[in-house]
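Down below is the structure, laid out as structure tokens.
There are 2 protein chains.
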Amino acid sequence: MPGMMDTVLNLGLNDETVEALAKNSDDPRFAYDSYRRFIQMYGNVVLGVEHHLFEDALEDLKFHCHVEEDHEIPVDALKDLIKTYLELVKEETDAPFPSNVHDQLWAAIGAVFQSWFSDRARVYRKIHDIPESWGTAVNVQAMVYGNMGDDCATGVAFTRNPSSGENQLYGEYLLNAQGEDVVAGIRTPASIAGKSSDDAPTLEACMPEVFQQFLDTCRILETHYHDMQDIEFTIERHKLYILQTRNAKRTSQAAVRIAVEMCQEGLISKEQALLQINARDLDGLLHPIIDPDAEKQVIGTGLPASPGAAQGRVVFDADTAEAWAHSGEKVILLRTETSPEDIHGMHAAEGIVTARGGMTSHAAVVARGMGTPCVSGVSALNIVRDARDASLGGHVIQEGDWLTLDGSRGEILLGQVRMMQPQLGEHFDILMDWADQKRRLKVRANAETEQDVQVALSFGAEGIGLCRTEHMFFEGERILAMREMIISENADDRRRALARIQPMQREDFRKIFFQMQGLPVTIRLLDPPLHEFLPHGKDEQQQLADSLDTSLTLVQQRVAALSESNPMLGHRGCRLLLSYPEIVEMQSRAIFEAAASVKKDTGNAVLCEVMVPLVGLVEELRQVRQIIDETAHKVQEETGETIEYEVGTMIELPRAALTAAQIAKEASFFSFGTNDLTQTTFGLSRDDSAQFLDAYVQRGILDCDPFAVLDTEGVGALIRLAAEGGRATRPDIKLGICGEHGGDPASIMFCEQLGLGYVSCSAFRVPVARLAAAQAALRK
Amino acid sequence: MPGMMDTVLNLGLNDETVEALAKNSDDPRFAYDSYRRFIQMYGNVVLGVEHHLFEDALEDLKFHCHVEEDHEIPVDALKDLIKTYLELVKEETDAPFPSNVHDQLWAAIGAVFQSWFSDRARVYRKIHDIPESWGTAVNVQAMVYGNMGDDCATGVAFTRNPSSGENQLYGEYLLNAQGEDVVAGIRTPASIAGKSSDDAPTLEACMPEVFQQFLDTCRILETHYHDMQDIEFTIERHKLYILQTRNAKRTSQAAVRIAVEMCQEGLISKEQALLQINARDLDGLLHPIIDPDAEKQVIGTGLPASPGAAQGRVVFDADTAEAWAHSGEKVILLRTETSPEDIHGMHAAEGIVTARGGMTSHAAVVARGMGTPCVSGVSALNIVRDARDASLGGHVIQEGDWLTLDGSRGEILLGQVRMMQPQLGEHFDILMDWADQKRRLKVRANAETEQDVQVALSFGAEGIGLCRTEHMFFEGERILAMREMIISENADDRRRALARIQPMQREDFRKIFFQMQGLPVTIRLLDPPLHEFLPHGKDEQQQLADSLDTSLTLVQQRVAALSESNPMLGHRGCRLLLSYPEIVEMQSRAIFEAAASVKKDTGNAVLCEVMVPLVGLVEELRQVRQIIDETAHKVQEETGETIEYEVGTMIELPRAALTAAQIAKEASFFSFGTNDLTQTTFGLSRDDSAQFLDAYVQRGILDCDPFAVLDTEGVGALIRLAAEGGRATRPDIKLGICGEHGGDPASIMFCEQLGLGYVSCSAFRVPVARLAAAQAALRK
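Those protein sequences? They're chains A and B, same order as listed.
Residue 846 in our numbering sits at position 558 of the first sequence, and the numbers go up by one each step.
Residue 650 in our numbering sits at position 362 of the second sequence, and the numbers go up by one each step.
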């Protein structure tokens, strides 16, 4: 956690020891300067006196002495400043400054421990998923002084360029200074090597011998730690001291290049290269980003729901989004929350912003799936839809205004901020190739549109782990037929409506099978409750009534009858399929006819895995499976083609996990739907919990959002039970994970430990999953 | 399943064997009568020819022969009838009647097996929770004939009175007849003993010796089977044959008396007496019932959500219910569904009917808790609230109309149907006393009002297992203060509002502690989401705004901000308590001050168990517990009284069960909230599932409603894991169950197997639970 923890320099000085330091160093100015620095730093870090009080006194003094730089202050003035500082501390803390050096030491140690709990440390941990429980150590080091004269210096250096990854020393230093001077920016540091920005001499030029020693040391440290180093050093009278070295932070792009090059240089093995990269960070490489040098005005923040940057003109509803996009506008869709009815608008939009919903809200999941940048849960966003405007951070946003959003950081920016496209480059390809050599887990993608499938394949997906068929019902003609089916009051009318959807659905599957060229495709039968397909506004209901030649009242009655108090726990998944078996008939016929047709056209077998959602009881699966099998049989007879298919289920309910041994009797595969499984295991709706989950993480109740990182203790225990139960009944059962967690490295590690067969994630996260799978295999 | 399975009599007869039977019996009329009976019965049961076709032919024949009774038909006419019957069968089935006796036998056996799947058998099984998978056996018996002349007879008898339980032979018989004549009601049977209704001679009078033999046989059978018998017999030429005997069905009242008296007679042990009674049936004894002899018109049916009969004048909202009840009217509350806002009206009503919701919907749970009869899920009920009327079964029901409801059968009856109050009597007390001697499980009640607690104690509750504090916030002044708290935007305003509720809440607890006299009381802190307390109609919102001196807009904004997509999985339970710790402070202060005050007044210690709801993470419990402990400490200091209290949690989320070992570190007790645990384990909302759960049971996907009978495979697996985990950490942890299942005998058996400490159920089910607990201990 670089820069997050506190430090106290020059500890041990008091009115007595300062004299000895002055005498021993033969430099009273240096000794008194060190003493006043100590009082200032200890006063602030340990005693809590505000920093600016010291700075004000120092500035006053410099003003009276007519000097500009700290090191120009005369010794006597420094002695006066020390008195002022000591009085200031006494006044502010109601106690004299401690002169006993042991007291100083113990209090400083305590303060550094305490700094683990500082706000900035908490925020840093939250961003980097570092558990609070880890705690910190405190180092006590002897002092060396970079402020003993012009043969002294202090600085920081990176052994390679942390931004590009180029293998070239990169760092800054100050002559006659202590570490905090470099950080504080009072003086402008010079470059260590190459050319300084303001033509100040480089360390290489000033102290060529020390510089050479430093270069050699850097190489020794890189070789020793097998990683690029971030080094703090001090030169005391021409003698080089390394104060600290650690693995350096770097951009994702640099990380890839450094790992690959260090391996090529023989410094590390392929395994080490793979493990050196934080797989999660790769995500940032795959999407456009805000130009780091661009000017920007952040007017609101939310959750970084889908990475990448996007900009466009604001619209407040899906129809407008689609219409404007059609006429060539780039649009950003702003919604309080999204629903499946908004899909066409989400597809048309460059980016999506919602006022409500967490990392796995509808908007977030769909956006990640599409690779569309999204910021969700912007709670300060207040949308007044009728007025076609919104307010955020004191700004009024009107339809047509330009906004930019940064989905990787969860930021909303005013206007059009400059963006850039990151280059993947050769190093990336080499790394992915190594990852594929080392991983055991297969990586599939969650995809259903032609475009998604294309992206998934280009990123190296080895199959489709989740093809959600409900998204297919929202386009054009289909939604009308779908609604007609829902309004129908008997199975015959429903069949008639479904018959109109079937050819289109068959064409969807044909395209996917064709693209996938024999790779496995898991198709989930219809999952959401029917009311998600019905319009809720009166105008749209009237339209529907007109186009179905029925009355508004009937439509409204049906909408009311289908409404549920807790739709997440309602009439959906296989419950719906059992109530309306004609849906299963239509969908499996579309799947099998598509498979037979592609097989005929290409000569390649299509491996389709038909997945029944929301099973909690083995008998549910058995009864749905029966319809699927019968349909497969019929289609095989009709087409004369043998169809390779398997029937399996999502494991997304605790009961399914607990009775997996039974369910495996009817299932050739289990796919862990960890989004829903997390919801039911925690009894926590992802749509409603964004607000307090955040507080939970802040208060240490949860280490991280369980919808982003798999809860291995609770949800994981169920997955383990299900894997054991499934294998007990069917030793060769296929096991995979297709929730949002399929793209999360920590969760992928857990999948590797359980020996699952594959992970499936949104197309854009496939490279992340490939690397994480390799890391998991290596760590195991 | 008496009367549910099919039978074929006289099998083996054909044109050939009938001659032999005529010759051997020396009674052609008897032989041809048996043959035509066989064709008729076999034709109907095995070949599926409609019964009335045979009956019509028989009636035609009697009309032409000028006879009234079957046995008066001349032999030649019978021969003609047989020909008619054989032709009828051929015509209806397109095949001749089978004359091969082996074919007859195998087909009849198949038909009886098949009758396991008849509609009536399915319905019977559903009512009596008999799994379809049990299947049936088929008995093949040699024929004896009750229709060979006037020295022959057939009948059925109960060894005791199945209605009152009185130890007196009770039965009916017919001279010269076969079994189906008794059942079909063509001739009116006479009593076996005592006095026949129409002065027909009794069997005792007709055949005194055979009667004595029958009496002796009854005693032998009762002694052998240790239970009251339901016997079918035939007398063939003065010789008694027992065709069948089985344990007899009886009313609940009779069951209690028979068990107690048989034990007192030395026929069975106390253990046998206890095991002989279906504990579930006791429920019917504890509530008023519809007079079985009353005329009634059933206009609708729903779920038997809360037992007992009730009648009153229909109202459609809670306020009217309360107002009318206040002025002395008996009212029945008809609602589409109920919410906590309706509590006052539900309390005021004699009975409750809802159009939606299952056995554990809000209406059902609250009604059972109050002992108020309730029929829920009357899907045919269509309430048009504004018009103040409703339609059901073709009837328009207006406000003020009289309705009667039977909550034990789930029936809605037109008008005022005569009801009666069952008497518990001495036998009931003796039986309960025996149960208490044999059971290990303690029985507590779920109760929060003074009245509930009184009922619970009178029924023998040994503590309160669930005192729901949210119900306490809906009365009079409190709801306003509660709403004020919810509308508040900062902790200080919330504290001010809560301070007004606190004295009332303390008074609630004082009353309960005082009544319970040192028995344990488990108090659950506030559980439901806050929006349940806010009004949803615009008028009520305006009223609230006025009384809080704020704007309607603000109230509406707050209502909108608090609304949730899936409230069951939302911001409730300990999640709410952690967001608003001042609620925990107020509630625990009220609890502890009440405990201190009752201890001071009575000198008896009060054992209060403070229960934190919806815990899924140990840290949630730890943080809430800290507030409770601090408050307890403060109250002890302020009052100088030591307070006996424990802190524990509901286990109602899968994650809590899976991580029980951790949670037990902070919990002195676990109370299994099996309603919510069932919802989350199945991913099934009890409010939304009533409709398709019914179909699930009918289609054999589920054996029974998991909200009524604990799902031991899935939910039970979690309870087992939690009990093991809890005991591993804390061997003396108190374990109990407080969901609706606490009063269900099958679920109580499971609690006994796991060695839980107690079950807690609604006050009116306490006797059921006491008996079921004894049975479980004996069966274990």
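We put the CB at the ideal spot given by N, CA and C, even for glycine.
Burial state of residue i, where buried means 16 or more other Cβ atoms lie within 10 Å
i               : result
V548 of chain A : buried
V964 of chain B : The sequence given here has Asp at residue 964 of chain B, not Val. Buried: at least 16 other Cβ atoms inside 10 Å.
M708 of chain B : exposed
V389 of chain B : exposed
R616 of chain B : Per the sequence shown, residue 616 of chain B should be read as Gly rather than Arg. Per the 10 Å Cβ criterion, exposed.
Q517 of chain A : buried
P791 of chain A : exposed
H824 of chain A : exposed
Chain-order list of residues whose beta-carbon lies under 6 Å from that of residue i (same chain, five-residue window excluded)
i               : result
H340 of chain B : none
S403 of chain A : M293, D294
Proximal residues to residue i (C-beta, below 7 Å), its chain only, five neighbours per side dropped
i                : result
L1066 of chain A : E559, L562, L563, K726
L570 of chain B  : S540, P1055, V1056, L1059
Q711 of chain B  : none
Minimum C-alpha distance to residue i - residue among the options
i                : options                         : result
D982 of chain B  : B:I1025, B:R644, B:H514, B:P496 : B:R644
L905 of chain A  : A:T937, A:E918, A:K378, A:E492  : A:T937
P1033 of chain B : B:R863, B:R568, B:L719          : B:R568
L807 of chain A  : A:L754, A:I361, A:I915, A:R846  : A:L754
M720 of chain B  : B:R732, B:Q711, B:D740, B:F747  : B:F747
I327 of chain B  : B:T969, B:P384, B:I671          : B:P384
N892 of chain B  : B:H859, B:M856, B:E932, B:H921  : B:E932
G858 of chain A  : B:R913, B:H359, B:L972, B:L857  : B:L972
G688 of chain B  : B:G751, B:T642, B:V619          : B:V619
F405 of chain B  : B:M292, B:L503, B:M329          : B:M292
F446 of chain B  : B:Q392, B:E520, B:I1036, B:C353 : B:E520
G703 of chain B  : B:A606, B:R697, B:H683, B:G437  : B:H683
Q552 of chain B  : B:H514, B:V672, B:L691          : B:H514
Residues of its chain near residue i, where Cβ-Cβ distance is below 8 Å and the 5 sequence neighbours each way are ignored
i               : result
A785 of chain B : A769, M770, E772, M773, S776
S851 of chain B : H819
A285 of chain A : Outside the modelled stretch of chain A, which goes from 289 to 1068, sits residue 285 of chain A, for which no answer is possible.
C506 of chain B : A445, T447, L457, Q517, I519
N332 of chain A : E338, H339, F342
V638 of chain A : This sequence places Glu at residue 638 of chain A; Val is not what is there. Excluding positions up to five away in sequence, the list reads A598, Q599, G600, K618, V619, I620, T660, P661.
I587 of chain B : L680, G681, G682, H683, I700, L701, L702
Mind the definition here: the region 758-773 of chain B touches the region 676-692 of chain B only if three or more C-beta pairs lie below 8 Å; say whether that holds. no
If we count Cβ pairs, one from each stretch, closer than 8 Å, do we get three or more for the region 716-725 of chain B versus the region 605-613 of chain B? no
Across the region 937-950 of chain A and the region 821-829 of chain A, are there enough close Cβ pairs to call them in contact, namely three or more that are closer than 8 Å? no
Compile a chain-ordered list of the residues in the region 889-908 of chain A whose CB is closer than 8 Å to at least one CB of chain B. L902, G904, L905, E907, E908
Between the region 652-669 of chain A and the region 1041-1057 of chain A, can you find at least three pairs of beta-carbon atoms closer than 8 Å? Contact between the region 1041-1057 of chain A and the region 652-669 of chain A is present, with at least three C-beta pairs closer than 8 Å.
Examine the Cβ distances between the region 447-467 of chain B and the region 537-547 of chain B and report whether three or more of them are shorter than 8 Å. Between the region 447-467 of chain B and the region 537-547 of chain B, the count of Cβ pairs shorter than 8 Å is three or higher; the stretches touch.
Of all the residues that make up the region 954-983 of chain A, which are near chain B by a beta-carbon distance shorter than 8 Å? D964, Q967, T968, T969, F970, G971, L972, S973, D975, D976, S977, Q979, F980, A983
Near-chain B residues of the region 830-857 of chain A - C-beta to any C-beta below 8 Å: E852, S853, N854, P855, M856, L857
Scan the region 1028-1047 of chain A for residues whose Cβ lies nearer than 9 Å to a Cβ of chain B and list them as they occur along the chain. Taking 9 Å as the Cβ-Cβ cut-off against chain B, none of the residues of the region 1028-1047 of chain A qualify.
Is the region 390-400 of chain B touching the region 329-340 of chain B in the sense that three or more CB pairs, one from each, lie closer than 8 Å? yes
Beta carbons nearer than 7 Å to chain B: which residues of the region 938-952 of chain A have them? L941, P942, R943, L946, T947
Given a limit of 9 Å on CB to CB distance, which residues of the region 684-716 of chain B reach chain A? none
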